[in-house]
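> Below: one structure in structure tokens.
Protein chains: 2
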Amino acid sequence: MAISFELKARDGAARRGLLRTGHGEVETPAFMPVGTLGTVKGLLPGQVWQAGASIVLGNTYHLHLRPGDDRIARLGGLHRFMNWQGSILTDSGGYQVFSLAETRSISDSGVVFRSHVDGRMIDLTPEKAIAIQENLGSDIAMVLDECPPAECQETELERAVARTISWAKRCRDAQTRLDQAQFAIVQGGLNMDLRRQCAQALVAMDFPGYALGGFSVGEKAGAMVEALPACAAALPELKPRYLMGVGRPEDILAAVASGIDMFDCVLPTRNGRNGQAFTRDGELRLRNAAFRDDARPLDAECDCPACSGFSRAYIHHMLASREMLGPILLSAHNIRFYQRMMAGAREAITAGSFSAWRSGWLVADPCDL
Amino acid sequence: MAISFELKARDGAARRGLLRTGHGEVETPAFMPVGTLGTVKGLLPGQVWQAGASIVLGNTYHLHLRPGDDRIARLGGLHRFMNWQGSILTDSGGYQVFSLAETRSISDSGVVFRSHVDGRMIDLTPEKAIAIQENLGSDIAMVLDECPPAECQETELERAVARTISWAKRCRDAQTRLDQAQFAIVQGGLNMDLRRQCAQALVAMDFPGYALGGFSVGEKAGAMVEALPACAAALPELKPRYLMGVGRPEDILAAVASGIDMFDCVLPTRNGRNGQAFTRDGELRLRNAAFRDDARPLDAECDCPACSGFSRAYIHHMLASREMLGPILLSAHNIRFYQRMMAGAREAITAGSFSAWRSGWLVADPCDL
């Protein structure tokens with residue numbers, strides 16, 4: 136087996152677990168920082184590791200276009216290329232094709248799209264999505280799925296689920312690397328019957344892990360959190376469950392309460408580059424002139440490189456002066472914030488106090504600040 | 136005394152020394168990375184320290200305009216503001232006024248210029264240059280000098296030298312902090328009589344250290360290296376000698392051979408941001424497609440964060456993808472390259488083999504690569 140997973144503790148539907156890959160252990164619930172192009176933006180791999188992350192996500196779409204997965208394979212695989220000692224999960228590229236690429240056409244065989252880098256037409260089939268990820272050599276590969284927009288027709292949703300099931304089977308059949316585990320992806324939007332039907336078909340194929348796709352794609356507020364308990368319950372108890380592309384701290388904690396084990400999101404680094412710092416009291420917008428003379432650290436209880444020696448006034452000055460160190464410090468802080476949150480969730484699950492811990496962790500509604 | 140300086144070894148005109156400030160020891164010859172706005176661009180202070188730097192330079196002009204030296208003083212001074220544990224030298228702001236600012240007018244009393252940040256008119260006098268640097272709390276402050284362009288008239292040069300001498304005296308008289316040492320600056324362009332005359336007047340004022348200004352300002356190639364031995368010899372033997380704004384590795388080594396102790400330059404970080412890596416074989420331009428598949432580190436003999444785990448191919452990919460990690464890795468490498476060069480020079484001086492070491496250190500003319 137390329138990976139193993141064991142449950143260590145349960146607290147209601149929330150679970151604490153241990154995922155083992157060929158590149159070490161990952162305690163779950165786990166947050167995976169996003170390393171789109173082979174770098175968690177602005178940070179050295181050692182800084183990401185020091186923040187407490189033991190698994191990162193790489194983007195198949197981006198890495199296939201540049202520098203090319205064949206090149207990465209020749210250079211020893213993605214771990215070595217990006218100098219990352221921990222585990223790597225790669226997505227299938229499908230989501231980026233649907234959200235970023237132009238001139239795409241979707242058929243039962245796969246997707247055709249135009250590269251945003253050099254304009255050439257590229258064919259992405261289930262078989263190719265796996266071949267690319269095997270070139271990258273990630274520990275966990277995601278199957279190619281079809282992720283329709285939130286506002287799509289019921290027939291479109293049904294067709295997407297049927298394709299997602301059929302493509303999952305083709306991905307499985309295309310697998311040649313035994314050191315890489317494939318996770319299947321459940322689609323179905325907010326239609327719980329479709330979600331259950333999709334999950335049932337994929338569970339019958341016995342994948343080593345399962346993901347929930349098609350959330351955080353523009354559905355109305357609260358719909359995802361409402362749907363998660365049933366979606367999680369439709370997945371095997373003893374396999375890791377991954378909620379793709381989520382997300383905000385409060386959504387992650389709601390998902391953990393529903394029994395989800397793995398998460399990824401660009402928010403900590405993207406918001407960091409945009410001058411925002413996550414705290415338990417909500418997000419601080421460091422570009423705000425109110426921070427000009429603020430001698431306090433971003434977060435008095437944080438042990439990240441930014442909070443260990445730099446004032447909000449300094450970080451404000453870095454942003455006002457367009458210095459790289461502003462985004463660097465904020466990204467380091469935000470990644471550490473997410474990891475501290477996940478560590479807190481894991482400890483609370485073991486202690487059987489997850490619900491109380493969760494309601495105390497985020498002090499204020501982020502929208503208030 | 137705010138600083139002390141002792142010579143540890145001599146090798147021809149080259150000297151090895153130890154400079155002590157209120158923030159620790161600096162082995163000389165020393166290279167000071169430039170931290171213009173309170174940050175060595177792209178690097179955490181810990182990374183600059185790890186690279187071997189024990190003193191950095193801060194720019195009075197930039198910090199006065201933003202975030203303001205009064206604000207930095209309220210926040211505990213520049214060391215604390217930028218979280219730098221080592222020593223800091225600040226320039227006087229004069230050079231930036233002459234090279235960057237618009238609408239300036241120079242008189243015997245000082246300089247008036249328009250802020251490039253918010254357009255207000257700012258008066259920079261010798262007294263104000265010292266007051267700003269005392270607010271910043273640097274270990275070493277530079278006196279305000281007049282730095283005329285390389286192609287100026289002899290009368291302009293003479294007037295600049297006269298003002299530089301008079302302003303140095305006013306800076307000295309304005310000093311109130313006993314924990315800050317002032318260095319005087321010798322001007323005079325390529326006129327050796329003027330240089331000697333300027334040095335003599337300043338040496339009579341008994342400053343704790345002396346700098347050579349007005350080099351690397353557009354004079355013809357080789358002129359500076361030719362002038363340095365006489366310029367250095369005109370300065371007191373037992374005080375630190377600082378060549379401002381220089382420079383290229385080969386120029387620094389020539390200056391060390393002439394008896395200069397301290398250097399600063401933006402080249403390692405600026406060229407790093409532009410995709411260039413210094414090596415003993417010359418500069419590598421990592422944007423070049425030739426590096427696309429190059430699995431080697433930047434420099435096999437380097438121990439910097441970039442050379443410890445990343446390939447040239449990866450750094451090329453970071454630059455091609457406009458990822459922050461490209462400039463970060465190259466800046467870290469270049470700062471380490473300069474520090475390794477200075478450490479090599481110091482050891483060679485102690486061993487009495489500086490001349491042989493120097494001719495072997497830079498293998499190729501950088502222009503050949």
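Protein chains in written order, with the numbering used here: chain L, 136 to 504; chain C, 136 to 504. Every residue, glycine too, gets a C-beta built ideally from N, C-alpha and C. Here the structure is a predicted model, which is why all the values come from computation and not from measurement.
1. For chain L, check one thing: does any of its Cβ atoms lie closer than 9 Å to the Cβ of Y196(C)?
2. Measure from the alpha carbon of D162(L) to the alpha carbon of each residue in T195(L), F489(L), M477(L), S494(L), then state which is nearest.
3. With a Cβ-Cβ cutoff of 9 Å, do I223(L) and V175(L) count as a contact?
4. What are the residues in the stretch 433-450 of chain C lying within 7 Å of chain L by C-beta distance?
5. Express the C-alpha separation of D204(C) and R98(L) in angstroms, rounding to a whole number.
6. Just how far apart, CA to CA, sit S582(C) and A424(C)?
7. Are the C-beta atoms of R427(L) and some chain C residue less than 9 Å apart?
8. Going by alpha carbons, who is nearest to V401(C) out of L419(C), M379(C), R415(C), V391(C)?
9. Enumerated in chain order, which unbroken segments of the beta strand (DSSP E) with a length of 3 residues or greater are wholly contained in the stretch 362-411 of chain C?
10. Using a Cβ-Cβ cut-off of less than 8 Å, give me the residues of the stretch 167-179 of chain C that come near chain L, in sequence order.
11. Nearest-angstrom Cα distance between L347(C) and V321(C)?
12. Return the residues of the stretch 397-417 of chain L that lie within a Cβ-Cβ distance of less than 7 Å from chain C, sorted by chain order.
13. In whole angstroms, give me the CA-to-CA distance for L504(C) and C366(C).
14. I think A392(C) touches A149(C), with their Cβ atoms under 8 Å apart; what is that distance to the nearest whole Å?
15. Under 7 Å Cβ-Cβ, which residues of chain C neighbour S120(L)?
16. R150(L) touches chain C at which residues, Cβ-Cβ below 7 Å?
17. Rounded to the nearest angstrom, what separates Q268(C) and T311(C) at their Cα positions?
18. Taking only the alpha-carbon atoms, compute the straight-line gap between T156(L) and A165(C) and give it to the nearest angstrom.
19. According to the neighbour-count rule (16 or more other Cβ atoms, all chains shown, within 10 Å of its Cβ), is D308(L) buried or exposed?
20. Suppose the cutoff is 6 Å on Cβ atoms and the five residues either side in sequence are ignored; what does the same chain contact list for Y473(C) look like?
21. Have a look at A486(L), G479(L), L279(L), E482(L) and flag the residue whose alpha-carbon is nearest the alpha-carbon of F318(L).
22. Per DSSP, what kind of secondary structure is R277(L) in: helix, strand or coil?
23. Which same chain residues end up closer than 6 Å to R408(L) when comparing Cβ atoms and leaving out the 5 residues on each side of it in sequence?
24. Could you round the C-beta distance between W184(L) and Q231(L) to whole angstroms and report it? I think they count as a contact, below 8 Å.
25. Can the beta-carbon of G245(C) be found less than 9 Å from the beta-carbon of L259(C)?
26. Beta-carbon within less than 6 Å of P432(C)'s beta-carbon, same chain only, minus the 5 sequence neighbours each way: which residues are those?
27. Would you decide whether T290(L) is buried or exposed? Buried here means 16 or more other CB atoms lie within 10 Å of its CB.
28. Just to make sure I have the definition right: I need the residues of chain C whose C-beta is within less than 7 Å of the C-beta of A430(L). Which are they?
29. By a C-beta neighbour count over all protein chains shown, 10 Å radius and 16 as the cutoff for buried, is D434(C) buried or exposed?
30. Could you check whether the Cβ of H452(L) sits closer than 9 Å to any Cβ belonging to chain C?
31. Our contact map puts R376(C) next to Y345(C) with C-beta atoms below 8 Å; I'd like the distance itself, whole angstroms only.
32. Taking buried to mean at least 16 other C-beta atoms within 10 Å of its own C-beta, is L460(L) buried or exposed?
33. What residue ranges within the stretch 203-265 of chain C form continuous alpha helix (DSSP H) runs of no fewer than 4 residues, ordered along the chain?
34. Applying the 10 Å Cβ sphere with the 16-neighbour rule, what's the burial state of V169(C)?
35. In the stretch 206-232 of chain C, which residues sit with their C-beta less than 8 Å from some C-beta in chain L, listed in chain order?
36. Just verifying my parser: in three-state terms, what is the DSSP assignment at C502(C)?
According to the data block:
1. Along the second sequence, one-based indexing puts residue 196(C) at 61. Using a CB distance cut-off of 9 Å, Y196(C) does not count as an interface residue toward chain L.
2. For the purposes of this step, residue 162(L) is taken as residue 27 along the first sequence, with counting starting at 1. Per the sequence shown, residue 162(L) should be read as Glu rather than Asp. That would be M477(L), whose Cα lies nearest to the Cα of E162(L).
3. Position 88 of the first sequence holds residue 223(L). Position 40 of the first sequence holds residue 175(L). No, these two residues do not count as a Cβ contact at 9 Å.
4. P440, G444, F445, S446, A448, Y449
5. As shown, chain L starts at 136 and ends at 504. That puts residue 98(L) outside it, with no answer to give.
6. Not covered by the structure: residue 582(C). The range shown for chain C is 136 to 504.
7. Along the first sequence, read from residue 1 onward, the residue named residue 427(L) stands at position 292. True, the Cβ-Cβ gap to chain C drops below 9 Å.
8. The residue labelled residue 401(C) in the question sits at position 266 within the second sequence. The shortest Cα separation from V401(C) among L419(C), M379(C), R415(C), V391(C) belongs to M379(C).
9. Inside the stretch 362-411 of chain C, DSSP marks whole beta strand (DSSP E) runs of 3 or more residues at positions 376-378, 397-400, from first to last along the chain.
10. L172, G173, T174, K176, G177, L178, L179
11. Against the second sequence, residue 347(C) aligns to sequence position 212. Against the second sequence, residue 321(C) aligns to sequence position 186. So the two alpha carbons sit approximately 5 Å from each other.
12. none
13. As a working note, residue 504(C) is residue 369 in the second sequence. As a working note, residue 366(C) is residue 231 in the second sequence. The pLDDT assigned to L504(C) is 36, lower than 50, so where the model puts this residue is not dependable, and the model offers no usable value.
14. On the second sequence, residue 392(C) is found 257 positions in, with the first residue counted as 1. On the second sequence, residue 149(C) is found 14 positions in, with the first residue counted as 1. So it is a contact: roughly 5 Å between Cβ atoms.
15. Missing from the structure shown is residue 120(L); chain L here goes from 136 to 504 and no further.
16. Taking the first residue of the first sequence as position 1, residue 150(L) is located at position 15. What R150(L) touches in chain C: nothing, since even the nearest Cβ is about 35 Å away.
17. Counted from its first residue, the second sequence places residue 268(C) at position 133. Counted from its first residue, the second sequence places residue 311(C) at position 176. Rounded to whole angstroms, Q268(C) to T311(C) spans 11 Å at the Cα level.
18. The sequence position of residue 156(L) within the first sequence is 21, counting from 1. The sequence position of residue 165(C) within the second sequence is 30, counting from 1. Answer to the nearest angstrom: the Cα atoms are 47 Å apart.
19. Here residue 308(L) is taken as the residue at index 173 of the first sequence, counted from 1. Result: exposed.
20. Within the second sequence, numbered from 1, the residue matching residue 473(C) stands at position 338. So the list reads F166, P403, once near-sequence residues are dropped.
21. Numbered from its first residue, the first sequence carries residue 318(L) at position 183. Nearest option by C-alpha distance: L279(L).
22. By one-based count along the first sequence, residue 277(L) stands at place 142. The amino acid at residue 277(L) is misidentified as Arg; the sequence shows Met. Residue state, collapsed to three classes: strand.
23. Taking the first sequence and counting its residues from 1, the one referred to as residue 408(L) is at position 273. P462.
24. For the purposes of this step, residue 184(L) is taken as residue 49 along the first sequence, with counting starting at 1. For the purposes of this step, residue 231(L) is taken as residue 96 along the first sequence, with counting starting at 1. About 26 Å separates the two Cβ atoms, so there is no contact after all.
25. As a first step, residue 245(C) is located in the second sequence; it is residue number 110 there, counting from the start. As a first step, residue 259(C) is located in the second sequence; it is residue number 124 there, counting from the start. Contact: yes.
26. Position 297 of the second sequence, counted from the start, is the residue given in the question as residue 432(C). Excluding sequence neighbours, P432(C) sits near C442.
27. As a position in the first sequence, residue 290(L) is number 155, starting the count at 1. Exposed.
28. The residue you call residue 430(L) lines up with position 295 of the first sequence. Here the neighbours are L210.
29. Counting from one through the second sequence, the residue named residue 434(C) turns up at place 299. So D434(C) counts as buried.
30. Reading the first sequence from its first residue, position 317 is the one you call residue 452(L). Yes, H452(L) lies at the interface with chain C (some Cβ there is under 9 Å from its Cβ).
31. As a first step, residue 376(C) is located in the second sequence; it is residue number 241 there, counting from the start. As a first step, residue 345(C) is located in the second sequence; it is residue number 210 there, counting from the start. Sure, about 6 Å apart at Cβ, within 8 Å.
32. In the first sequence, counting from the first residue as 1, residue 460(L) sits at position 325. Buried, because 16 or more other Cβ atoms sit within 10 Å of the Cβ of L460(L).
33. 204-209, 213-217, 229-234
34. Here residue 169(C) corresponds to residue number 34 of the second sequence, with the count starting at 1. Result: buried.
35. R206, R209, L210, G211, F216, M217, N218
36. Numbered from 1 along the second sequence, position 367 holds the residue referred to as residue 502(C). With a pLDDT of 43 at C502(C), under the threshold of 50, the predicted position of this residue should be treated as unreliable, and no value is reported.
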